[in-house]
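Undergrad: Sharing a structure with you now.
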Amino acid sequence: MPLFLIFIKIYDVNVKAQTESGKTLTFLVPLFNQFQKQKYQDHQLFGLILSPTRELPQQIYDLVKEIAFVIDGTSNEPDVKYLNNKGYNIFIATHCKLQQLLNISELQINVKTLQYLIFDEADRLISNQYQYDVRFILSKFLKQTRTGLFSATQSSAQIYDLMKLCFRNPVYVKFNANKTMQIS
12 MPLFLIFIKI YDVNVKAQTE SGKTLTFLVP LFNQFQKQKY QDHQLFGLIL SPTRELPQQI
72 YDLVKEIAFV IDGTSNEPDV KYLNNKGYNI FIATHCKLQQ LLNISELQIN VKTLQYLIFD
132 EADRLISNQY QYDVRFILSK FLKQTRTGLF SATQSSAQIY DLMKLCFRNP VYVKFNANKT
192 MQIS
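Everything in the sequence shown is counted per this note's numbering, starting at 12 for the first residue and increasing by one.
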């Protein structure tokens, strides 16, 4: 079964694959496929892609400019005004920026409607340096989300801690150097 179909189904996925192997498309295809099937109103959050650096959200945003919003500004006020006016359903953000915005009461986004939570470069997001931010963000979302952890390298102890926090139906997927897929 192709990986994107696993993620479309009811499974939470932990994906380990080399850099430049297509991980981004692996989460974007099911995210947008399912979004097109849903009837979401403005200000209802459907998908959230978290990244540890400012460059990664921008790269992802370049692929999906028309239907997603990258939260990347240095000042929160313009982002909040823009989001409140436009009401995007899919956000791409760094963990720090998202945490700041979730603490702003003026933000008019319904986070209880979130269906997909994606951690791009999950190994870096769950490092000790960012652990508090990620736990705070997870506390704001319901467990009914479909969660995907995508990374080239993974520390098993930290990944499994995060999986315990947010996975319901876990599937581990590893792409080997010869591009074969191993599912467990």
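All residues carry an ideal CB built from backbone N, CA and C; glycine is no exception.
1. Would you list the one or two residues that DSSP bridges to TYR127?
2. In angstroms, rounded to a whole number, what distance separates the CA positions of THR104 and ILE115?
3. If you follow the alpha helix (DSSP H) that ASN121 is in, where does it begin and where does it stop?
4. Measure from the alpha carbon of HIS54 to the alpha carbon of each residue in ASP73, ASP131 and LYS123, then state which is nearest.
5. Would the stretch 60-79 count as touching the stretch 122-138 if we require 3 or more Cβ pairs under 8 Å?
6. Where do the ends of the beta strand (DSSP E) carrying ILE82 lie?
7. Would you call ALA168 buried or exposed, if buried means 16 or more other Cβ atoms sit within 10 Å of its Cβ?
8. Check whether the Cβ of PHE102 sits closer than 7 Å to any heavy atom of the ligand ZN, and report yes or no.
9. To the nearest angstrom, how far is the alpha carbon of MET12 from that of VAL26?
10. Tell me SER162's beta-bridge partners as DSSP assigns them.
11. Hey, could you find the ends of the alpha helix (DSSP H) THR35 is sitting in?
12. Is DSSP giving VAL184 helix, strand or coil here?
13. Quick check on DSSP: helix, strand or coil for PHE147?
TA: The structure says:
1. GLY58 and ARG157
2. In the sequence under discussion, the amino acid at residue 104 is Ala, which differs from the Thr named in the question. C-alpha separation (whole angstroms): 15 Å.
3. Here ASN121 belongs to no alpha helix (DSSP H), and DSSP marks it neither H nor E.
4. LYS123
5. yes
6. 80-82
7. exposed
8. With respect to the ligand ZN, the structure shown offers nothing to examine, as it has no ligands at all.
9. Confidence is the limiting factor: at MET12 the pLDDT is only 49, short of 50, which leaves the residue's position unreliable, though a coordinate-based value still follows. The alpha-carbon atoms of MET12 and VAL26 are separated by roughly 14 Å.
10. LYS27
11. 34-48
12. strand
13. helix
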